[in-house]
Amino acid sequence: MTSSMGHTRFLDKTLLSITRLAEQSLFSEVSAQRRGLLQSLDVRTKLFTLLFLLVVISLLRTPLAIWLMYGLSLVLAALSRVPLRFFLKRVWLFVPLFSAAIVLPALLNVITPGDSVLVILRLDSPHTWGPYSIPAEIAITRQGLQGGIVFISRVAASVSFAVLFTLTSKWSDIFAGLRSLFVPRMFVMTLSLTYRYLFVFLRQIQDMYRGRKSRTIRSISSAADRNWTASRIGVSFKRSVRMSEDIYHAMISRGFQGEFPVSRRFRARARDYAWLVTNCGFGVIIVLLERSLL
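Read the sequence shown against this note's numbering and you will find it ends at 1520, with the numbers running on by one and no gaps.
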């Protein structure tokens, strides 16, 4: 009984934490309403700058240069009055999650041959299956570590700028900015509907779990718990399909003709042009210095 109750409390905390984090990350616009550097810029300027900085990060090849770009994101976060702890949590929650699956295998000499740093496993002899071969010693290589550090650094810097952009911009402005930059309307409309629907979907999952918990008066076996979870996945899918149809019919009944009207009109100012020139110049200088061309 104690183990089951502890398991239930753990699931409760996990579900609430995931829901709260998703709501704060996707739907909170507290940072976007602060009076900071990035909040004062035209969203189109920020979109173009974000794309340019991501290209610059992809061109850099040394960890020092990439971490210099990461440091720039921290400075911009401070100038935009984004709480540093809040910002770091949003970045480093996703970096290990999405990088580990790619980086960890690449550290081994099976994927990245090179100088062994740490032997993980010793086999009796090498094994070969067609074009694939496994050496007698499976080890972490120096070349694999170097490649892993560069990859994680790029992911961290790229995610930092992307998170900073979303934290300092309202989603309605982002969608309007994408349309004003001639991004295909179907793509923007899909993003807009996904954003609006995701919050409802998260609430729906949370309500289902809480409703089940409120009607449960005794402990439930793990097998029954898994069966209920599997059935709720199917129910959630059916509800999402039905809700999408209802939303579409409601849009048609209100005169929707395939495109959302853009009510926000953007106007670039001197600070926006200064921001573009400064960031483009900084990015070009970093790339040229790293490649000893300047």
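A virtual CB, placed ideally from N, CA and C, is assigned to each residue, including glycine.
DSSP bridge partner residues for residue i (one or two, in chain order)
i        : result
Leu-1345 : Strictly speaking, residue 1345 in this sequence is Val, with Leu absent from that position. Paired residues: Ala-1365.
Met-1475 : Residue 1475 is actually His in this sequence, not Met. According to DSSP, His-1475 bridges with nothing at all.
Leu-1168 : Because the chain is modelled from 1227 through 1520, residue 1168 falls outside the range shown and cannot be assessed.
For residue i, the nearest candidate out of the options (CA to CA)
i        : options                                   : result
Tyr-1421 : Thr-1392, Arg-1444 and Pro-1410           : Thr-1392
His-1298 : Ser-1457, Leu-1264 and Ala-1327           : Note that residue 1298 is Leu in the sequence shown here, rather than His. Ranking the options by Cα distance to Leu-1298, first place goes to Leu-1264.
Phe-1278 : Leu-1519, Arg-1517 and Val-1510           : Val-1510
Leu-1285 : Ser-1379, Met-1415 and Arg-1468           : Ser-1379
Ala-1258 : Thr-1394, Lys-1464, Tyr-1296 and Ala-1388 : Thr-1394
Leu-1371 : Gly-1340, Tyr-1358, Leu-1294 and Ile-1400 : Gly-1340
Thr-1271 : Arg-1497, Val-1513 and Leu-1428           : Arg-1497
Phe-1463 : Ile-1431, Ala-1449 and Val-1389           : Ile-1431
Leu-1334 : Ile-1366, Leu-1300 and Leu-1502           : Ile-1366
Val-1360 : Leu-1515, Asp-1399 and Ile-1337           : Reading off the sequence shown, one finds Ile at residue 1360, where the question assumed Val. Ranking the options by Cα distance to Ile-1360, first place goes to Ile-1337.
Val-1376 : Ser-1445, Thr-1275, Gly-1460 and Tyr-1296 : Tyr-1296
Leu-1404 : Gly-1262, Val-1269 and Arg-1260           : Val-1269
Phe-1401 : Leu-1273, Arg-1260 and Arg-1261           : Leu-1273
Trp-1397 : Ala-1382, Ser-1386, Pro-1309 and Leu-1419 : Leu-1419
Ser-1386 : Val-1467, Met-1415, Tyr-1358 and Val-1301 : Val-1301
Met-1415 : Ser-1445, Tyr-1358, Leu-1323 and Gln-1483 : Gln-1483
Rounded separation between residue i and residue j - CA only
i        : j        : result
Leu-1178 : Trp-1454 : What the structure shows of the chain is the stretch from 1227 to 1520, and residue 1178 is not part of that stretch, so it cannot be assessed.
Thr-1504 : Arg-1493 : 19 Å
Ser-1457 : Arg-1316 : 32 Å
Leu-1417 : Ala-1362 : 49 Å
Ala-1522 : Val-1343 : An answer regarding residue 1522 cannot be provided, because it is not within the stretch 1227 to 1520 covered by the chain.
Leu-1502 : Arg-1452 : 53 Å
Thr-1561 : Cys-1506 : Absent from the structure is residue 1561, since the part of the chain shown begins at 1227 and ends at 1520.
Arg-1261 : Arg-1307 : 7 Å
Phe-1413 : Val-1282 : 25 Å
Thr-1442 : Tyr-1435 : 11 Å
- Message: Give the list of continuous beta strand (DSSP E) stretches no shorter than 3 residues that lie fully inside the stretch 1354 to 1433.
- Response: Annotation note: the stretch 1354 to 1433 contains the following uninterrupted beta strand (DSSP E) runs of length 3 or greater, listed N- to C-terminal: 1358 to 1360 and 1363 to 1367.
- Would you be able to state if there are at least three C-beta pairs under 8 Å between the stretch 1346 to 1356 and the stretch 1391 to 1410? Segments in contact, no.
- Cβ contact check for the stretch 1351 to 1358 and the stretch 1319 to 1330: 3 or more pairs under 8 Å: Judged by Cβ distances under 8 Å, the stretch 1351 to 1358 makes no contact with the stretch 1319 to 1330, as fewer than three pairs qualify.
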